[in-house]
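Notes for the one structure printed next.
Numbering (my numbering), first residue to last: 10 to 316.
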């Protein structure tokens, strides 16, 4: 079952990567959702919304993705008997592309130079739009459009946000999530701010030219229409080296097999928490199992700690 206030994903305290005397910092393990990421919530709400508006009738799905939303949509589409095409940057780890194909999705990879002045992910978005808008295929496809669809925000406003509030018994003082489609930070941040306006909502943004799957730098790609900057207290930028160093630490010191976006979010949160004693929650969007080939690039020659 996809996470809900009655059936929440785990919230675990980080015991080793957080300096003594600050925190506590808890990590919400979204890879406990059935298809392995926080995007399971989004995919379910996107499809439910399309069905309620009768926009699915007789159509195939097409969606741009960095992997996780596509995997969840493909799994749900398989259950519903709906064909799905996903467009995906070719730099996405091979494990994700393989899972998409195993689920029956038609996978179109977009080269990094398709949109050379923007982020490669924007090329996948442009290609998906062409399926919906071109004369040859118009009327055949419907695009859930996780970047613009308010159902993405609704998923987290109605499930993830209430879970965090209940699991911390209202004690959460800071919340950390990355810039991606921005449904997570907008939905959860909005819910938490409604419960207590003094809660700090902090967005994590990778540097330009980053290589952190699932995250966006807003100066090199189009800002998702669903992002509500009004609920943000700060934006913290993080570089790839720091993100991957923390990813490695989470593996080796906390025993948590997390994806690289989790490393980026936790690294930024730890920096922020240096002088803060309140309870903080950070999102762990997915596990590291889909990134095994990707991680070989950040291991040292011997693969040992510090390599």
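Beta carbons: idealized from backbone N, C-alpha and C, even for Gly.
- At a Cβ-Cβ threshold of 8 Å, residue 255 and residue 289 do not count as neighbours.
- If the five residues before and after residue 154 are omitted, its C-beta is found closer than 6 Å to no C-beta atom of its own chain.
- Membership of residue 117 in the beta strand (DSSP E) is indicated by the continuous run 115-119.
- When the alpha-carbon of residue 87 is set against those of 304, 108, 41 and 100, the nearest one is in 108.
- Burial of residue 116 is indicated by the presence of at least 16 other C-beta atoms within 10 angstroms of its C-beta.
- The DSSP assignment places 20-22, 34-38 and 69-73 as complete runs of the beta strand (DSSP E) inside the segment 14-91, in order along the chain (cut-off: 3 residues).
- Here the segment 82-101 does not lie against the segment 193-203, with fewer than 3 beta-carbon pairs under 8 Å apart.
- Annotated three-state conformation of residue 275 is helix, per DSSP.
- DSSP places residue 178 in the coil class of the three-state scheme, outside both helix and strand.
- Its chain contains 65, 151 and 153 as the residues whose beta carbon lies nearer than 7 Å to that of residue 59, once the 5 sequence neighbours on both sides are disregarded; these appear in chain order.
- Taking C-alpha positions only, residue 71 is separated from residue 83 by approximately 10 Å.
- Closest by C-alpha distance to residue 223, out of 48, 164, 30 and 11, is 48.
- Taking the Cα positions, residue 200 is about 31 Å away from residue 95.
- By the neighbour-count criterion, in which 16 or more other beta carbons inside 10 Å mark a residue as buried, residue 298 falls on the exposed side.
- In this model, residue 183 and residue 291 are separated by some 8 Å (Cα to Cα).
- Around the beta-carbon of residue 180, fewer than 16 other beta-carbon atoms lie within 10 Å, marking it exposed.
- Shown here, residue 237 sits in coil according to DSSP, grouped into three states, outside any helix or strand.
- Annotated three-state conformation of residue 112 is coil, per DSSP.
- Membership of residue 96 in the beta strand (DSSP E) is indicated by the continuous run 93-98.
- Buried is the label assigned to residue 74, since at least 16 other Cβ atoms lie within 10 Å of its Cβ.
- Along the segment 147-226, the beta strand (DSSP E) occurs as fully enclosed runs of 3 or more residues at 181-187 and 209-215, listed in sequence order.
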